[in-house]
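Residue numbers (this note's numbering): 246 to 657.
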């Protein structure tokens with residue numbers, strides 16, 4: 246029976262050369278994941294360095310963890326069969342093997358992250374994220390000052406460095422910053438926040454800004470101490486947020502009224518009443534609405550991996566193709582819409598991971614942990630899809646193990 250030694254950095258008992266070599270190889274794999282957008286032969290190419298490396302690392306994993314590797318192969322095959330059936334039997338009659346592989350790679354990434362933590366310890370993984378965070382910030386500021394674009398990415402005015410576009414960069418920075426909130430204390434924590442804000446303003450990524458706002462707001466709520474009653478701060482914080490939404494619903498955040506961002510979406514989603522499909526906010530709301538409609542049509546079996554793209558193409562307003570997103574920009578909904586019941590089960594699996602990561606933490610830390618995951622969900626809403634931002638996925642997966650390893654005397 247394996248112990249939970251991955252929660253500690255037990256790699257010190259191994260020979261230095263072996264430990265260092267292992268970590269270098271893992272680091273190279275993670276860098277290939279973070280730079281997935283640029284490390285490919287051509288902008289629209291499906292073959293990336295990260296996807297080329299995965300079979301090699303999976304073989305290594307198979308040699309060390311054969312039982313778990315065989316289980317994963319069975320899951321991969323079963324998901325493939327399920328996806329093929331619902332794709333061909335559904336309204337779009339379209340099975341896309343390449344897109345299936347794109348989609349399933351976020352599950353592959355979780356498998357690799359868990360294995361890496363078992364091998365090298367959680368401390369090395371969080372240090373790696375710290376390093377990537379500051380290097381990414383530095384590269385972003387250099388590009389903001391000097392201009393230019395990286396290979397194989399969208400050529401836009403906003404900063405995007407090695408990410409596909411500015412939205413992906415903003416989502417990654419907010420996700421890494423959310424973890425920085427737990428790794429750092431005092432002035433350095435707020436220095437990191439101050440360094441990220443100009444980049445978010447440059448990219449004009451509303452949902453990333455909302456994610457940052459939620460992170461800070463929940464952290465402030467975590468400072469409220471109400472004896473031993475664990476859930477009172479959370480209930481108090483949510484009540485304050487509702488009051489703020491009501492009071493400031495006519496205020497403007499990055500050219501959008503608060504009511505348009507937080508209130509109107511729920512009204513239209515509840516009634517399944519699509520909005521005029523122009524503008525990023527309307528486009529994301531319509532993605533959820535049409536996704537629910539298609540999910541109901543499929544009797545909740547799903548429409549198949551990649552078929553959310555033709556679904557979104559159908560609702561594009563003629564003449565706005567250049568400025569309209571052809572993806573759902575909502576990771577959770579995309580998984581549910583494309584894989585139905587199976588997608589819900591997969592999300593439940595990760596929701597369970599989140600629950601066990603934050604369960605039994607003190608009430609003051611619980612608020613900060615809830616804020617962490619709320620900010621990740623909000624910022625990841627800007628992403629093009631499950632395969633598009635391995636940086637956010639890496640932070641999300643590492644958080645399960647990092648929060649479990651926090652000692653009870655930690656102060657947020």
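Backbone N, C-alpha and C define an ideal beta-carbon position, used for all residues, glycine too.
Pick from 596, 583, 617 that is closest to residue 329, judged by C-alpha positions: 583
Best match in 286, 274, 373 for proximity to residue 214 [C-alpha to C-alpha]: Residue numbering for the chain in the displayed model covers 246 to 657; residue 214 lies beyond these limits and cannot be assessed.
Cβ-Cβ distance between residue 660 and residue 587 below 9 Å: Residue 660 cannot be examined here, being either before or after the span of the chain that is shown, 246 to 657.
Exposure label - residue 423; buried when at least 16 CB within 10 Å: Per the 10 Å Cβ criterion, buried.
Segment contact flag, the region 397 to 407 with the region 270 to 290, C-beta cutoff 8 Å, min 3 pairs: yes
Whether residue 581 touches residue 517 by CB criterion (9 Å): Contact annotation: residue 581 and residue 517 have beta-carbon atoms that are not nearer than 9 Å.
Span separating the alpha-carbon of residue 369 from that of residue 560: 46 Å
Helix, strand or coil at residue 569 [DSSP, three-state]: It is coil, neither helix nor strand.
Buried/exposed call for residue 291, threshold 16 Cβ in 10 Å: exposed
DSSP three-state assignment for residue 285, whether helix, strand or coil: strand
CB contact flag (residue 411, residue 448, <9 Å): yes
At least 3 beta-carbon pairs within less than 8 Å: the region 598 to 615 vs the region 313 to 328: With contact defined as three or more Cβ pairs closer than 8 Å, the region 598 to 615 and the region 313 to 328 are not in contact.
Spatial neighbours of residue 648 in its chain, beta-carbon cut-off 7 Å, leaving aside the 5 residues before and after: 602, 603, 614
Outcome for residue 365 when other beta-carbon atoms lying within 10 angstroms are tallied against a minimum of 16: buried
Cβ of residue 364 within 9 Å of any chain B Cβ: Looking at the structure shown, chain B is missing, and only one protein chain is on hand.
Nearest residue (CA-CA) to residue 668, options 579, 378, 343, 391: Because the chain spans 246 through 657 in this model, residue 668 falls outside it and cannot be assessed.
Alpha-carbon spacing of residue 555 relative to residue 538, whole angstroms: Roughly 14 Å separates the two Cα atoms.
Reduced DSSP secondary structure (H/G/I, E/B, other) of residue 512: helix
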